[in-house]
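Chemist: I have a structure I would like to understand better, so I am pasting it below and will then ask my questions one at a time.
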Amino acid sequence: MNKKKMTQRKQQAMQTKETLLNTALDLIAEQGYDQVSIQDLCQAVGVSTGAFYHHFTGKEDIIVESYRRYDEHFEAHASAQLESLPPLDKIIEAIKYQVKYAEDMGVETMQQFYRSQLQAGRAFFISTTRKFPLILTQMITDAQQAGVLSDTLTATQITRHLLRFSRGMIYDWCAYNGSYDIVEETSQSLSLFLTAFLIKHPKAPHKNTLKNHSPRSS
Numbered sequence: 038m039n040k041k042k043m044t045q046r047k048q049q050a051m052q053t054k055e056t057l058l059n060t061a062l063d064l065i066a067e068q069g070y071d072q073v074s075i076q077d078l079c080q081a082v083g084v085s086t087g088a089f090y091h092h093f094t095g096k097e098d099i100i101v102e103s104y105r106r107y108d109e110h111f112e113a114h115a116s117a118q119l120e121s122l123p124p125l126d127k128i129i130e131a132i133k134y135q136v137k138y139a140e141d142m143g144v145e146t147m148q149q150f151y152r153s154q155l156q157a158g159r160a161f162f163i164s165t166t167r168k169f170p171l172i173l174t175q176m177i178t179d180a181q182q183a184g185v186l187s188d189t190l191t192a193t194q195i196t197r198h199l200l201r202f203s204r205g206m207i208y209d210w211c212a213y214n215g216s217y218d219i220v221e222e223t224s225q226s227l228s229l230f231l232t233a234f235l236i237k238h239p240k241a242p243h244k245n246t247l248k249n250h251s252p253r254s255s
């Protein structure tokens, strides 16, 4: 088999996996995780169950893959866009990006995700070795080294608190059936939340303050 055919086959496989994932997410949002079978999914896409298991270990792997996709998208796009921002701004915008992604996915999908991840994909969901937590931890480390955030807690500990906060915001938004602007509310609540980690007397003057991140200015 020549190189061109191998490349075409690889591209086709990637496309099949992407189609399976997108279709699965749509079906789960519409019908619920428990109501969607692998057979239903394969029938909707027009592939065999063997093709499904070539790409995923099981239905729960769909949930894991959806979070992995988010992490990769953040690393490839948002992370680079935030690079030029001051340390604290990076953290705030990263969390806002996380909840904006949930908003873009839709409240029905996120409601089902939160139901599903308690049954499947939980280990990956809370893993501290995912790309997003690792990037966030580095941002927090940079903010500590810049004298903006306290080093009373480690960067890993602060990351854990921030992820609990962001997951809580998304859960609350889901509980209210998406009835409020999650990005706006997160911006306001995050400004209050982060005051617990700020250094009261920074080592050096810093232009970035939480005052700049009030809901009106975000």
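My numbering puts the first residue of the sequence shown at 38, with every later residue one more than the last. Positions of the beta carbon are idealized from the N, C-alpha and C atoms, including for glycine.
Between E267 and R197, what straight-line distance do the alpha-carbon atoms span, to the nearest angstrom?
Modeler: It is not possible to answer for residue 267, since the shown part of the chain is limited to 38 through 255.
Chemist: With a threshold of 7 Å on Cβ separation, who are the neighbours of F162 within its own chain once the five nearest residues in sequence on each side are excluded?
Modeler: Reading the sequence shown from its first residue, position 125 is the one you call residue 162. So the list reads Y104 and Q154, once near-sequence residues are dropped.
Chemist: Taking the alpha helix (DSSP H) that Y217 belongs to, which residues open and close that run?
Modeler: For the purposes of this step, residue 217 is taken as residue 180 along the sequence shown, with counting starting at 1. Segment: none, Y217 is in no alpha helix (DSSP H) and carries neither H nor E.
Chemist: Return the residue from the list S187, Y208, L200 and A115 that minimises the CA-CA distance to Y151.
Modeler: By 1-based counting over the sequence shown, the position of residue 151 is 114. The option with the nearest alpha carbon to Y151 is Y208.
Chemist: Please say whether A192 and I177 have beta carbons closer to each other than 9 Å?
Modeler: The residue you call residue 177 lines up with position 140 of the sequence shown. The residue you call residue 192 lines up with position 155 of the sequence shown. Contact: yes.
Chemist: Between F111 and F169, which are expected to be in contact by the criterion C-beta below 8 Å, what is the C-beta distance as a whole number of angstroms?
Modeler: Stepping through the sequence shown from its first residue, residue 111 is reached at position 74. Stepping through the sequence shown from its first residue, residue 169 is reached at position 132. So it is a contact: roughly 5 Å between Cβ atoms.
Chemist: Could you check whether H92 and T53 sit closer than 9 Å to each other, using their CB atoms as the reference points?
Modeler: For the purposes of this step, residue 53 is taken as the residue at position 16 of the sequence shown. For the purposes of this step, residue 92 is taken as the residue at position 55 of the sequence shown. Yes, these two residues count as a Cβ contact at 9 Å.
Chemist: With DSSP as the reference, identify every bridge partner of L186, one or two as the case may be.
Modeler: The residue given as residue 186 occupies position 149 in the sequence shown. The partner list for L186 (beta bridge, DSSP) reads L235.
Chemist: Helix, strand or coil, according to DSSP, for L64 in the structure here?
Modeler: Taking the first residue of the sequence shown as position 1, residue 64 is located at position 27. DSSP places L64 in helix when its eight states are reduced to three.
Chemist: Whole angstroms are fine: how far does the CA of G83 sit from the CA of L125?
Modeler: Numbered from its first residue, the sequence shown carries residue 125 at position 88. Numbered from its first residue, the sequence shown carries residue 83 at position 46. Rounded to whole angstroms, L125 to G83 spans 48 Å at the Cα level.
Chemist: Which of helix, strand or coil does DSSP assign to V73?
Modeler: On the sequence shown, residue 73 is found 36 positions in, with the first residue counted as 1. Correct three-state label for V73: coil.
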